[in-house]
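Each residue of the sequence shown is one higher than the one before, counting from 1 in UniProt numbering.
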Amino acid sequence: MRLDKFLKASRLVKRRTLAKEVCDQGRVQINGRPSKAGTAVAVGDTISIRFGNRTLCVRVESLKETTRKSEAGELYTVLEQTKADETNDTGS
1 MRLDKFLKAS RLVKRRTLAK EVCDQGRVQI NGRPSKAGTA VAVGDTISIR FGNRTLCVRV
61 ESLKETTRKS EAGELYTVLE QTKADETNDT GS
């Protein structure tokens with residue numbers, strides 16, 4: 001399955017065109033390698049996605065072409081979710 005299609009089916013990204021844009025910007029990695037929208041995704045792969053100041057790392061558990069909203073979470077397991085520290089400039 002293509003990366004952009006998996007991101008859409010799993011509801012990690014709302015639209016497939018948005019998934020393609022995120023991939024084109026280099027904000028998605030599969031198994032530690034920058035990936036394009038057409039990169040093949042397999043069960044067991046680790047996907048890391050940067051959303052602004054936070055990063056989400058998931059493991060692919062299942063591949064389905066179409067899923068219901070209630071089943072989308074079954075396609076992956078969240079491994080790590082980090083948020084970049086915001087700098088607090090208090091003027092001290």
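Every residue gets a Cβ at the ideal spot worked out from N, C-alpha and C, and that includes glycine.
The Cβ-Cβ distance between Arg50 and Arg16 does not fall below 8 angstroms. The beta-carbon separation of Val60 and Val78, rounded to 12 angstroms, does not stay under the 8 angstroms limit for a contact. Around the C-beta of Leu18, fewer than 16 other C-beta atoms lie within 10 Å, and the residue is accordingly described as exposed.
Looking from the CA of Glu80, the closest CA among Lys64, Arg11, Thr46 belongs to Thr46. Counting along the chain, the unbroken beta strand (DSSP E) around Arg50 starts and ends at 46 to 51. Under DSSP, Cys57 forms a beta bridge with Ser48, Glu80. The shortest CA-to-CA distance from Leu56 to any of Glu21, Ala84, Ala9 is the one to Ala84. Annotation for Val22: the continuous alpha helix (DSSP H) segment containing it runs 16 to 24. Val41 counts as buried, since no fewer than 16 other beta carbons sit within 10 angstroms of its beta carbon. Around the beta carbon of Ser62, a 10 Å sphere encloses fewer than 16 other beta carbons of the protein chains shown; the residue is thus reported as exposed.
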